[in-house]
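Here the protein sequences line up with chains A and B, keeping their order. Under our numbering, the letters of the first sequence match residues 1 to 573, in that order. Under our numbering, the letters of the second sequence match residues 574 to 1155, in that order. All residues carry an ideal CB built from backbone N, CA and C; glycine is no exception. The model shown is predicted, which means the values in this text are computed figures rather than measured ones. Below: one structure, written as C-alpha cells.
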Amino acid sequence: MKKLLIYMKGFRKECVLGPLFKLLEASFELMVPLVMAAVIDTGIANGDRGYIIRMCGVLVGLGIVGLACSLTAQYFAAKASVGFAAKLRSALFGRIQGLSFSDMDREGPATLITRMTSDINQVQNGVNLTLRLLLRSPFVVLGAMVMAFTIDWKAALIFAAVIPLLSIVVFGVMLWTMPRYKQVQAGLDRVLGSTRENLTGVRVVRAFGREQSETEEFQRENNALTHLQVFVGRVSALMNPMTYILINLGTVVLIWVGAVRVDTAIITQGAVVALLNYMSQILVELVKLANLIINISKALACAGRISGVLDTEPSLTAPRDGRSAESSGVEFDSVELTYNGAGGPSLSGISFSAKAGDTVGIIGGTGSGKTSLVNLIPRFYDATGGSVRVGGLDVKGWDLGALRGRVGIVPQKAVLFTGTIRENLLWGNENASEEDLWDALETAQAKEFVLEKPRGLDEPVEQGGRNFSGGQRQRLTIARALVRKPDILILDDSASALDFATDLKLRGAIARLEYSPTVFTVSQRASSIQHADVIVVLDNGQTVGVGAHKELLESCEVYREIYESQFDRGERK
Amino acid sequence: MKQKASKGTLKKVLRYIRRYSFFVGLSVLLAAASVAAALYIPILTGRAVDHIAGPGNVDFAAIFRILVQIGVIIGLSALAQWVMSLINNRVTYRVVRDIRNEAFEKLQRLPLSYIDSHPAGETVSRLIADVDQFADGLLMGFTQLFTGVITILGTLGFMFSVNIAITLVVLLVTPVSLIVAAFIAKSTYNMFRLQSRVRGEQTGFVEETVGNEKVVQAFGRERRTMERFEEINERLRACSLRAIFFSSITNPSTRFVNSLVYTGVGIAGALSVVGGGLSVGQLTCFLSYANSYTKPFNEISGVVTELQNALACAARVFELIEQEPQIPDAEDALELTEAVGAVGIDGVCFSYKPGQRLIEDFSLDVKPGQRIALVGPTGCGKTTVINLLMRFYDVTAGSIAVDGTDVRNITRKSLRRNYGMVLQDTWLKNGTVRENIAYSRPDASLEEIVEAAKAAHAHSFIKRMPKGYETVIGEDLGGLSQGQKQLLCIARVMLSLPPMLILDEATSSIDTRTEIRIQKAFAKMMKGRTSFIVAHRLSTIRDADVILVMRDGHIIEQGDHRSLLEQGGFYAELYNSQFAKT
Chain A
1 MKKLLIYMKG
11 FRKECVLGPL
21 FKLLEASFEL
31 MVPLVMAAVI
41 DTGIANGDRG
51 YIIRMCGVLV
61 GLGIVGLACS
71 LTAQYFAAKA
81 SVGFAAKLRS
91 ALFGRIQGLS
101 FSDMDREGPA
111 TLITRMTSDI
121 NQVQNGVNLT
131 LRLLLRSPFV
141 VLGAMVMAFT
151 IDWKAALIFA
161 AVIPLLSIVV
171 FGVMLWTMPR
181 YKQVQAGLDR
191 VLGSTRENLT
201 GVRVVRAFGR
211 EQSETEEFQR
221 ENNALTHLQV
231 FVGRVSALMN
241 PMTYILINLG
251 TVVLIWVGAV
261 RVDTAIITQG
271 AVVALLNYMS
281 QILVELVKLA
291 NLIINISKAL
301 ACAGRISGVL
311 DTEPSLTAPR
321 DGRSAESSGV
331 EFDSVELTYN
341 GAGGPSLSGI
351 SFSAKAGDTV
361 GIIGGTGSGK
371 TSLVNLIPRF
381 YDATGGSVRV
391 GGLDVKGWDL
401 GALRGRVGIV
411 PQKAVLFTGT
421 IRENLLWGNE
431 NASEEDLWDA
441 LETAQAKEFV
451 LEKPRGLDEP
461 VEQGGRNFSG
471 GQRQRLTIAR
481 ALVRKPDILI
491 LDDSASALDF
501 ATDLKLRGAI
511 ARLEYSPTVF
521 TVSQRASSIQ
531 HADVIVVLDN
541 GQTVGVGAHK
551 ELLESCEVYR
561 EIYESQFDRG
571 ERK
Chain B
574 MKQKASKGTL
584 KKVLRYIRRY
594 SFFVGLSVLL
604 AAASVAAALY
614 IPILTGRAVD
624 HIAGPGNVDF
634 AAIFRILVQI
644 GVIIGLSALA
654 QWVMSLINNR
664 VTYRVVRDIR
674 NEAFEKLQRL
684 PLSYIDSHPA
694 GETVSRLIAD
704 VDQFADGLLM
714 GFTQLFTGVI
724 TILGTLGFMF
734 SVNIAITLVV
744 LLVTPVSLIV
754 AAFIAKSTYN
764 MFRLQSRVRG
774 EQTGFVEETV
784 GNEKVVQAFG
794 RERRTMERFE
804 EINERLRACS
814 LRAIFFSSIT
824 NPSTRFVNSL
834 VYTGVGIAGA
844 LSVVGGGLSV
854 GQLTCFLSYA
864 NSYTKPFNEI
874 SGVVTELQNA
884 LACAARVFEL
894 IEQEPQIPDA
904 EDALELTEAV
914 GAVGIDGVCF
924 SYKPGQRLIE
934 DFSLDVKPGQ
944 RIALVGPTGC
954 GKTTVINLLM
964 RFYDVTAGSI
974 AVDGTDVRNI
984 TRKSLRRNYG
994 MVLQDTWLKN
1004 GTVRENIAYS
1014 RPDASLEEIV
1024 EAAKAAHAHS
1034 FIKRMPKGYE
1044 TVIGEDLGGL
1054 SQGQKQLLCI
1064 ARVMLSLPPM
1074 LILDEATSSI
1084 DTRTEIRIQK
1094 AFAKMMKGRT
1104 SFIVAHRLST
1114 IRDADVILVM
1124 RDGHIIEQGD
1134 HRSLLEQGGF
1144 YAELYNSQFA
1154 KT
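The structure is reproduced here in C-alpha cells:
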C-alpha cells in the first residue's frame, strides 16, 4: 500500500499546496458568520449604514479570495491526482510486461485489465477527493466549533455535545450499510450469473423446454436481491432524518441557552445568530465527509489490489550474462514441470531430442501436457526438474531475448491485433521486406485471401481480428511466425480450423521452407503428425512413446489407440 | 429527435411506475410536508431571535412556546422524510425488479436470431448494469428532484411572504449561478468527450495487449508495446487534467455566486432593519433561506444529468424488452407426444440474412431409425441444419415435417422434447450434478438419474467427485474435463431418451479413453432412433444412411458413402486428404 506513495513523489508541492489552499478557503468561509454578527451588533444596533455596506464589501472580498484559493487548490489536486494515476498506470503496465507466464496464469487477464482501467480510475478519483476535501471537512467542523467557543464557551458546549452525536449517527449508519452493500453486490452478481448462464445455454434451455423454470429461478434470485436492497435502504434512509433531528434539537437548545445568556448580558443578539450559522455549516460538512469516506474507502480497496500486482516479483528472470548458440537442435532431458500451486506435475520424465531441421510431432489427449511441453522451448515457463537445451545450451543460460527471437510460435488461440495485416505480420520481424511478407503468407496458405482483400496487406484488422474467419486468422498467425524465418517453429494445434486439404498443403509448404527450421507440431490429429521425424506421445504428462510412426504403431499402445480411433482398423495401412 | 426519444422512454418508465402511483403520490405529499416544515423552522427561529433583543429584554415564555413548536415540527418533518425515503426505496427497487423480470421473460421468448447476433455480454450488461444505473438515477430523481423543486418554490414563497424587496434581490442573483454552472458544463463537455475517447482508446489497447500478453512476450514486443502505451497514457494525462480541473471549478464558482446572494440578502436585509422594515429575526431567517435556497440548484443540475443518463440506460433495456418475439405457437398447434421419427424435409430454403443464399431447395426423406451424418470442414454450417430441425430458426421457404406434420404446426416445446441434443458446446447449469442430469426430466428419481449416468458411462467419475451426485458444478467451475462435461450432457439426454437425436461428435480436446466411452454411449442411444450426427469419425460416416456434405453453409452433396466416393466430388477430396497418406 505504502509502495503506491512513491508514485506521488513528483507531486509533493501539489500535495501540500492543494490542501493548504483548501484550508485557507475554509477559513475565509468560517469568518462569514462573524462578519454577519458584526453587521447585526454594530451596524444595525447603531443604525450605521456605511458600516453595513463596508462589512458587506468585506463579505464579497472574502468570497473572491475564497474563490481564488479554491481554484488554486482544485488545480493542484487535479494535477497531482492525474499525474499520479498516469505514473501508476505506466508502472503497472510495465510490471505486466515483465510478468512471467505463470504469474499471468495466476492473475488472469481479466483481473489485470480491471486493475489497469477501472481500479486506477477509482484511485485517481480518491486521490483527487482526498486532496480537496479530506482536510477541509473536519477542519470546517472543528473550526466552526472553535469559532463558537471564541464567541461564548458555555453556549459552545452544545456544539461539543452535538458533533459527536452527529458523527455517531453518520458513521454508524455508514458502518452498518457498507458491508451490506457488499451483500447487495453479491446478490447482483448472482442475478448476473443466471442471466449469463441462460444466454450461453439458450439452445439447451429451449431444447429441454425449460424456459418457464429458468424464469422462475431468475425471479427468485431477483426477488432476493430486491428484498436485500429494500432492507439496506431502510436503514440508510435513517441517516437524513436523524441528523436533521439532532441538528435542529441542537438549535433549539442553542436558542434557549442563547436567550438566557443574552438576558444576562453575557453575549449579544448577533452572537446568537452567528452560533446558529455555525451549527448549519457543521451539518453540511458532516454529510460531505460521510460521502467522502465512502469514496476513499472504495479507492483504498482498489489501491490495495493494484499494489498486489505491483508487488509480484516476476517468477522468471533472464540471466544477466545470457549466452546463445548457433544450432537449433532441441533436447529434453528428464524434464519435469509443476505449475505454481498445482497439486502434481503436469509433465514428468520427458526425454527426447530433435536435430536441427527435424520435424517433431506431439500427440496426446486433452490435458496430457502437449502445450506445456512446447512452452518450455522458448522458456515461457521454467522446467522444475531436468533441463531443456536448445543448441546444446540450457535455456536458462540463454539470453532470453535471443532465445525467443529464434523461435516462431503459433499459439492455439489465433490472436491478431488491431491495425493492418501488415502491422500484424511485422510483429514477427520489424525489418521484414514486402517480399518476405508475401513469402510467409504463401507458405501459410494465406496469400490467396489476402490478395482478394481490397487493400491487400494494408487491410485493416479489427480488435481480436474479428473481421476474419477462424481459418483466416489461424493462417495469418502462422504467417506472422514465419515472417521471422525462425530456427524453431512451433505450431500448437494451429491448424484446427483449417480443412484437411488446406492443412495438407500447409504441411507440405512448411516442409519445403529453404531455411529448414526445426518444426514442432502439436495436434490431436494423427494424420497431421504421422510423417514427423520424431513423434512424442504424451499421456497424463508422461511420454509413453517416442519414435517414428511405424515403430510407435508397433510399440506404443496409446498411439495405436489414437491412430485407430481416427483411421479405422484395417482401413489403410 | 433525441428529445423525443427520451420523452418516449420517460413515458414507458412512467408506465412501470403507475402500478405504484399511490405510493408515488404519497411520497410527493410527504416531500412537500417535510420541505414545508423545514422551511417553517427558520421563520420560527427568526421569531425566537427577535425575542432575544438584549439584556433584560428576553421574553422567555414566548421563546419557550416557539421552541416547543419547533420541536414538534422537527419530529413531524423527520418522520415525513423517513417514510418518504422508505417509499422511494421500495418503489424504485420494485420497478427495477419488474423491469428485470420482464426483460428476462422476454429473453426466453426472443428468436434465436436475436440472441445469436448479440454478444451475451452486451445483453447481460443491459439487464444488469443498465438497469442498475437506471435504479440509481430513479432513486436520486425521486428523493432529490421532488424535494429540490419543492424547496426552491417553497423558499421563494416564504421569502415573498416575509419581504418582497429582498426576495427580488435573491431572484435577480440566482440566474447568475445557473448561467455560470451551465457555461462551465458546456465548455467542459468537449474536454470530457475527448477524455473518454482517449480513455476508450487506452482501454482497448490494454484489453488487447494485456489480454494477449503471452503473444506479446512470445514475439518480444514488450518494449514496443510499452512505448505505445506511454504515448497514449501521456495524452490521457494531459486531457484528463484539463477535464478534471475545468469540471472541478463548477462547485467553487457556484459557491461564490451563492456567497454573493448571501451578501446581497445581508446588505438589503440589514439596511431594511435599520430602516425599520424588518426585524433582526427576520433577517436571520432570510440568511438561512439564502443558504437553503441556492443549494437545490446545484443538486438539481446534478440530478438532471443523472436522470438523463438513467433514461439512456432505460432506453437500452426497453429496446430489449420491445424486441419482436418469436412467432408464438399457433392456437391449434399440435402437441407432439411420442414421435415415430420420420422427418420430411421438402424444398427447404434458408439464410440468416436476406440476400445471402445458404441452403437452397434441400429435400430429404428421413425414415424412422435412419442415421444422417453431417460432414464438412469446421464452420461449414452444420449448426444451421440443427437450428432448422430444432426450429431454433424457421425455414424461409419449403417445410420440415415430423411424422407428416409441418413443424410450424407443432408446439415448439413438444417438438423439442422429441429431440435429444448433445452438442460439443457442453453447457451445464450452475447446480449439482443431479440437477444437471435431471434437467431433461426434473421429476426423475435418484435411481433413474443414476441409471442414466451409468448408461452414459458417467457414473464412475461422478462417484469419485467430492459429494457424488450432490457436487455443485457450473459454467466456469473447474474440476471437470471437457470430456466429462460431455458425458454429463449425454446422461442428461439418456434420462429422457427421446425418439430423435441430434449428436455432435467430438473433434478435439477429448482424450482417447473418454472419447471411446462417448462413442459407446452414443451407439447405445442411437439404437432404433432417428439420429442426426455431426460426424468426424470415419466409422460413423460410413455407417450413415445418408451423408450430407456441407461447405460454406451450403449442402453440396448428399448420398451414402459409396455413391459419394464414386461421384469424386468434394467428399471424395475430403475423404482422401483426411484419411489417405500424403
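Since residue i and residue j should fall inside the 8 Å C-beta cutoff, what is the C-beta to C-beta distance between them, to a whole number of angstroms?
i	j	result
Leu1122(B)	Tyr1144(B)	What sits at residue 1122(B) in the sequence shown is Val, not Leu. Contact holds; Cβ gap of about 5 Å.
Lys22(A)	Ala73(A)	4 Å
Asn806(B)	Arg115(A)	The Cβ separation is near 15 Å, so there is no contact.
Val410(A)	Thr477(A)	5 Å
Leu538(A)	Ser368(A)	4 Å
Ala604(B)	Leu649(B)	Contact flag wrong, Cβ pair sits at about 13 Å.
Gly1108(B)	Val948(B)	It should be noted that the sequence gives Ala, not Gly, for residue 1108(B). Right, the Cβ-Cβ distance comes to about 6 Å (below 8 Å), so this counts as a contact.
Pro314(A)	Leu99(A)	6 Å
Glu211(A)	Gln681(B)	4 Å
Quick one: which chain A residues come within Cβ less than 7 Å of residue i?
i	result
Gly793(B)	Gly401, Arg404 and Gly405
Gln681(B)	Glu211, Glu214 and Thr215
Ile840(B)	Ile52, Ile53 and Cys56
Pro825(B)	Leu67, Ser70, Leu71 and Gln74
Could you check whether the Cβ of residue i sits closer than 7 Å to any heavy atom belonging to the ligand COA?
i	result
Leu99(A)	By its list of ligands, the structure shown contains no ligand whatsoever, and the ligand COA lies outside what it can speak to.
Between residue i and chain A, is any beta-carbon pair separated by less than 8 Å?
i	result
Phe965(B)	yes
Lys580(B)	no
Leu1050(B)	For Leu1050(B), the pLDDT reaches just 49, beneath the cut-off of 50, and the residue's location in the model is therefore unreliable, although a value from the coordinates is still provided. So no, Leu1050(B) is outside the interface.
Lys986(B)	yes
Leu1137(B)	no
Val586(B)	no
Gly627(B)	yes
Ser651(B)	Correcting the residue type first, residue 651(B) is Ala in the shown sequence and not Ser. So, interface residue.
Phe818(B)	yes
For residue i, return the contacting residues in chain A, with the cut-off set at a CB-CB distance below 8 Å.
i	result
Tyr666(B)	Thr226, Gln229, Val230 and Gly233
Lys787(B)	Phe101, Met104, Phe380 and Pro411
Lys1002(B)	Glu197 and Gly201
With a cut-off of 8 Å, does the C-beta of residue i fall near any C-beta of chain B?
i	result
Asp487(A)	no
Ala291(A)	A quick correction: the sequence has Asn, not Ala, at residue 291(A). Chain B, which has no Cβ nearer than 8 Å to the Cβ of Asn291(A), makes this no.
Tyr244(A)	yes
Lys22(A)	no
List the residues of chain B that residue i touches, going by C-beta distances under 7 Å, in chain order.
i	result
Gly428(A)	Phe792
Can you name the start and end residues of the beta strand (DSSP E) that residue i belongs to?
i	result
Ser351(A)	Leu347 to Ala354
Gln1131(B)	His1127 to Gly1132
Glu678(B)	Element bounds for Glu678(B): not the beta strand (DSSP E) but the alpha helix (DSSP H), Phe633 to Arg682.
Against residue i, what residues of chain A qualify as contacts under a CB-to-CB distance less than 9 Å, listed in chain order?
i	result
Tyr992(B)	Ala207
Within the continuous alpha helix (DSSP H) that includes residue i, where are the two ends?
i	result
Asp189(A)	Trp153 to Thr200
Arg989(B)	Arg985 to Arg990
Cys15(A)	Arg12 to Ala38
Ser1112(B)	Leu1111 to Asp1116
Ser845(B)	Thr823 to Gly848
Gln212(A)	Glu211 to Ser236
Name, please, each residue of chain B whose Cβ falls closer than 9 Å to the Cβ of residue i.
i	result
Thr418(A)	Gly777, Phe778 and Glu781
Any C-beta of chain E sitting closer than 8 Å to the C-beta of residue i?
i	result
Gly258(A)	Of the protein chains in the structure, A and B, none is chain E.
Any 3 or more C-beta pairs closer than 8 Å across the stretch 828 to 846 of chain B and the stretch 587 to 601 of chain B = Between the stretch 828 to 846 of chain B and the stretch 587 to 601 of chain B there are fewer than three C-beta pairs closer than 8 Å, too few to call the two in contact.
Between the stretch 518 to 532 of chain A and the stretch 347 to 364 of chain A, do three or more beta carbon pairs fall short of 8 Å?
-> Yes, the stretch 518 to 532 of chain A is in contact with the stretch 347 to 364 of chain A.
Should the stretch 204 to 223 of chain A be called in touch with the stretch 167 to 180 of chain A, which here means at least 3 C-beta pairs below 8 Å?
-> No, the stretch 204 to 223 of chain A is not in contact with the stretch 167 to 180 of chain A.
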